[in-house]
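If you're matching positions, the sequence shown starts at 1 in UniProt numbering and goes up one per residue.
C-beta: ideal position from N, C-alpha, C; glycine also.
Since this is a predicted model, take the numbers as computed values, not measurements.
One structure below.
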Amino acid sequence: MKILVAVKRVLDYNVKARVKSDGSGVDLANQKLSMNPFDEIACEEAVRLKEAGVASEVIAVSCGPAGCQETLRTAMAIGADRGVLVESEAVLEPLAVAKLVKHVAEKEGVQLAIFGKQAIDDDAGQAGQMFAGLMGWGQATFASKVKIEGDYALVTREIDGGLENLKLKLPVAVTTDLRLNEPRFITLPNIMKAKKKPLELLKAADLGVDLAPRTTTLRVEEPAARKAGIKVADVADLVKRLKEEAKVL
Ligand code: AMP
1 MKILVAVKRV
11 LDYNVKARVK
21 SDGSGVDLAN
31 QKLSMNPFDE
41 IACEEAVRLK
51 EAGVASEVIA
61 VSCGPAGCQE
71 TLRTAMAIGA
81 DRGVLVESEA
91 VLEPLAVAKL
101 VKHVAEKEGV
111 QLAIFGKQAI
121 DDDAGQAGQM
131 FAGLMGWGQA
141 TFASKVKIEG
151 DYALVTREID
161 GGLENLKLKL
171 PVAVTTDLRL
181 NEPRFITLPN
191 IMKAKKKPLE
201 LLKAADLGVD
211 LAPRTTTLRV
221 EEPAARKAGI
231 KVADVADLVK
241 RLKEEAKVL
């Protein structure tokens, strides 16, 4: 069984996002970009399934500019066997990503596709679900446990009320929640090995896929600066202020 893992290159989670001076988006120039944290979990899970003898090959796929090759190398350092970059300089919305990943999934004949539950830059949480819809596959989102048994995937999902256990016939799309696993530390020898693994380059524009955005960003703004807090004298003072100033009691 081949597994596809979708990996997105995003602004590193430790970096404070800065808005471009013209308000058109987040400034990524000269910023540290890394693999979306939920996609690291997706890679780790795919590699564990391969190590357990369940999968024969793990293919990492990224859609975006040439720099995403670095993210694919990270996926290969975690243990993916090879990478596919679907190159595009355009802004890719989740629907466009889902269509591009579909192209690769069909070409490779994968049985399981693992996505992150959301990309920490757009927070859309849509690409995995749209992919499953386009493929006509079952989907299990927010997975905290994945097990493959014969032709079925047994997935535990994190939902509001607790945990939900699903049994789905393969092929299946899964999106990862935080507690699925803890990604391994990437060692230097594995970084060196990853440099030699195959990385295929495809041009998104050659794939006959409609990549046109369905939404328009009107303006991106910094959140309003928080006002300084105050110290209250005692509980009575707190209650008085909540009643009279904040008017929330
Ligand atoms: P989103 O729907 O944008 O929140 O993204 C959800 C998941 O889809 C991510 O965690 C990735 O696994 C995958 N994904 C989104 N954008 C891309 C991309 N440009 N390239 C590869 N995978 C992506």
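Going by DSSP, E221 is part of no beta strand (DSSP E) at all; its letter is neither H nor E. As the crow flies, the alpha-carbon of K167 is around 10 Å from that of E149. Of the residues assessed, R9 falls on the buried side of the cut-off, its CB having 16 or more other CB atoms within 10 angstroms. With three or more CB-CB distances shorter than 8 Å, the stretch 34-52 counts as touching the stretch 70-87. Judged by beta-carbon spacing, V174 lies beyond the 7 Å limit of V209, meaning their Cβ atoms are not closer than that value. Burial state of S56 is exposed, judged by a 10 Å Cβ sphere holding fewer than 16 other Cβ atoms. Here DSSP, grouped into helix, strand and coil, assigns T141 to strand. According to DSSP, F115 shares a beta bridge with T175. C-alpha of K32 to C-alpha of L170: approximately 37 Å in a straight line. Contact between the stretch 156-166 and the stretch 17-32 is absent: fewer than 3 CB-CB pairs across the two stretches fall below 8 Å. Looking from the CA of F142, the closest CA among I59, F115 and D122 belongs to F115.
In summary, V61 is buried, with 16 or more beta-carbon neighbours lying within 10 Å of its beta-carbon over all protein chains present. The way I'd put it, the stretch 198-209 does touch the stretch 80-88; three or more beta-carbon pairs between them come closer than 8 Å. Pairwise C-beta distances place the stretch 202-221 in contact with the stretch 93-100, as three or more of them are shorter than 8 Å. In summary, D177 is buried, with 16 or more beta-carbon neighbours lying within 10 Å of its beta-carbon over all protein chains present.
K2 and V104 have their C-alpha atoms spaced approximately 12 Å apart. The Cβ-Cβ distance between I59 and E108 falls below 7 Å. For S62, the CB falls within less than 6 Å of some heavy atom of the ligand AMP. Ranked by Cα distance from T216, the first of V91, A113, R18 and N14 is V91. Residue environment analysis places F131 among the buried positions, since at least 16 neighbouring C-beta atoms fall within 10 angstroms of its C-beta. Spanning the alpha carbons of V101 and A127 requires a straight line of approximately 9 Å.
Of E245, K227, D234 and N181, the smallest CA-CA separation from R48 is found for N181. For K203, the Cβ stays outside the 6 Å cut-off from all heavy atoms of the ligand AMP.
Around L242, the same chain offers V248 and L249 as residues with beta carbons nearer than 6 Å, after the five sequence neighbours per side are excluded. Rounded to the nearest whole angstrom, the C-alpha separation of K99 and G133 is 10 Å. Taking the Cβ of K107 as the reference point, every heavy atom of the ligand AMP lies at 6 Å or farther away.
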